[in-house]
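Chains as they are written, first to last, in the working numbering: chain A, 196 to 396; chain B, 196 to 396.
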DNA sequence: GTCTATACGTCGATAGAC
DNA sequence: GTCTATCGACGTATAGAC
C-alpha cells in the first residue's frame, strides 16, 4: 500500500474517544463474564449490561466471536498484572497458581472453554487464531521454564521439554474442566502428582 | 421403582416403529457428524441431511442439546464394539488407542468438545448430566485399572490411583485438543512420557 | 468516527392440522 | 408420527443522525 501520508490517517478527530469507549466496554464485559458465566451471552444481552445497543458492539468488535476473544484476552492481560513471576518457577507450580486464581472467576474459565471448543470447528477464524497462538505460546514459554528447571536440577534432565510442556498444559486444562463439573475431582492432587513425577529423583 | 406392570405400558401401538425410526435418525446423524464437523449443526441442517423436518427431530429428542448428547453417546456405544479390551491394559495405553481412533473421526471429537464446554455453563442439564457421568465413570474405571497395574508391578505402587486416573483423563483430553489445533503438537510423545513417568522404575 | 434504528434471514421451540 | 405455521430471539448488515 504505497503513498502513505506522513500524517497517519487513523488517530484523527475523536479517535481517542473511540479507544476509550472500547476499553470501557471491555472492562464492563469482563466483570459481567466473571460474575455470571458465559451463558446468556448474546450481543443484545451484553450490550444491555454494558449500556449500549448491540449494534455498537458490532461497530467496535466486528462480530460476537471477536468480542468474546477480546474479552478473554483482556481479562488475561489484566490478570497478568499479578506479582512478578519467578522465571524459574516450576511449570506445574505456575499452573497451580493459575488454577487457584481461576476458581474465583469461573465465568472466565467457561468462556475459555467455549472459545477453545469453537476454535476446533471450521469457519471460526478469530477463535482459531486465538487458541492456536495461545497454545503455541504457552508451550514455548513452559518449555523454556522446563529447561531452566532441568539445569537447576529441579526437573529430571532426561525428559523432552516440549513434551513436558504440552503435558502440563493439557493436564492443567483437563483438570480444570473436571473440577468445574465436580468439585470433588482431585484437581490439585493430580497436579501435585505430576509435579512429583517430573521432579528429579 | 415398585409396581411394574407385567405388560410395560410403553411399547403400545406403533411404538416399535418409533424406536426404529429414532435409531435410523441417530445412525444417519452419526455419519453426518463424523464426516463434517459439529459445525453447521442446526436442527434444520441435521433434519435435512437425515430427511425429515426439524420438528420431527424435536419430537424424538426434545431439544438440540439432547440430540447432540444422544448422537455422541450412540457413537461411543458403536465405537465401543471394538476388540475386547484387556482389563490390565495400562490406562495410558487405553487412551493412546482411543486417541488413534479419534483421529479418524474428527467431527465427533469436535462434538465432544462442544458438549463438555456446554456442560460447564448453567442451564444445560442434558450436557451437564452427560459430562458429569462420563468423567465420574471414566475416573472410576481408570482408577480400577491403575490398581490392577500397580498389583502387577507395572505402575508405581506409591501413587494415588484416583489422582492418576484424573491426570490421565485430563492429559488425554487436553492433548487431543492441542493436536486438533496443531498437528505438530506432541500428542503421542506427551502420552508416552506420562506412561514412562508412571511406570515402575 | 460514533452510535442508533431498523430490517433480514436463521435459529430452537411449540401448537395444531392431518 | 410427522407435517406446516408461527413465535421470539439471535447475529449480522446497512442507512443515516450526530
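Built from N, CA and C at the ideal position, the CB exists for glycine as well.
- Spell out whether any CB of chain B is found under 8 Å from the CB atom of residue 296 (chain A). no
- Task: Determine which residues share a DSSP beta bridge with residue 350 (chain B) and list them.
- Result: Partner(s): B:394.
- Task: Indicate whether at least one CB of chain B lies closer than 8 Å to the CB of residue 369 (chain A).
- Result: Yes, because at least one Cβ of chain B sits closer than 8 Å to the Cβ of residue 369 (chain A).
- Message: Classify residue 353 (chain A): buried if its beta carbon has 16 or more other beta carbons within 10 angstroms, exposed otherwise.
- Response: Residue burial is scored here from C-beta neighbours: residue 353 (chain A) has fewer than 16 other C-beta atoms within 10 angstroms and is therefore classed as exposed.
- For residue 274 (chain A), which of helix, strand or coil comes out of DSSP? In the structure shown, residue 274 (chain A) sits in a helix (DSSP, three-state: H, G or I).
- Please compile the residues from chain B whose C-beta is within a distance smaller than 7 Å of the C-beta of residue 348 (chain A). Chain B residues near residue 348 (chain A): none, gap ~18 Å exceeds 7 Å.
- Task: Count the C-beta pairs between the segment 225 to 236 of chain B and the segment 303 to 320 of chain B that are closer than 8 Å, then say yes if the count reaches three, no if not.
- Result: Between the segment 225 to 236 of chain B and the segment 303 to 320 of chain B there are three or more inter-stretch CB-CB distances shorter than 8 Å, so the stretches are counted as touching.
- Could you please give the first and the last residue of the uninterrupted alpha helix (DSSP H) stretch that includes residue 281 (chain B)? It is not in any alpha helix (DSSP H) - residue 281 (chain B) carries neither H nor E in the DSSP assignment.
- Beta-carbon separation of residue 283 (chain A) and residue 347 (chain A) under 8 Å? A distance below 8 Å separates the beta carbons of residue 283 (chain A) and residue 347 (chain A).
- Item | Selected residue, minimal CA-CA separation from residue 375 (chain B), among A:330, A:372, A:377 and A:385 | A:330
- Query: When burial is assigned at 16 or more other CB atoms within 10 Å of the CB, is residue 360 (chain A) buried or exposed?
  - Reply: buried
- If you measure from the beta carbon of residue 318 (chain B) to each beta carbon in chain A, is any gap under 8 Å? yes
- Neighbourhood of residue 264 (chain A) by C-beta, 7 Å cutoff - its chain only, sequence neighbours within 5 removed: 310, 321, 322 and 325
- Which residues of chain A have a Cβ atom closer than 8 Å to the Cβ of residue 300 (chain B), listed in chain order? Within 8 Å Cβ-Cβ: nothing; residue 300 (chain B) doesn't reach chain A, min ~13 Å.
- chain B residues whose Cβ lies nearer than 9 Å to that of residue 335 (chain A): Within chain B, no residue comes near residue 335 (chain A); the closest Cβ sits about 12 Å away, beyond 9 Å.
- What residue range is occupied by the uninterrupted alpha helix (DSSP H) comprising residue 319 (chain B)? Counting along the chain, residue 319 (chain B) falls outside any alpha helix (DSSP H), and DSSP gives it neither H nor E.
- Query: Sorted by chain position, which residues of the same chain lie with C-beta nearer than 6 Å to residue 393 (chain B)'s C-beta, five sequence neighbours on each side aside?
  - Reply: 350
- Take residue 343 (chain A) and list the residues in its own chain whose beta-carbon comes closer than 8 Å to its own, dropping the five residues that flank it on each side. 282 and 283
- residue 302 (chain A) - containing alpha helix (DSSP H), residue span: 301 to 315
- Sequence-distant residues of the same chain with beta carbon closer than 8 Å to residue 386 (chain B), five excluded per side: Within the same chain, 287, 290, 291, 294, 366, 367 and 370 come within 8 Å of residue 386 (chain B) by CB-CB distance, once the 5 residues on both sides are set aside.
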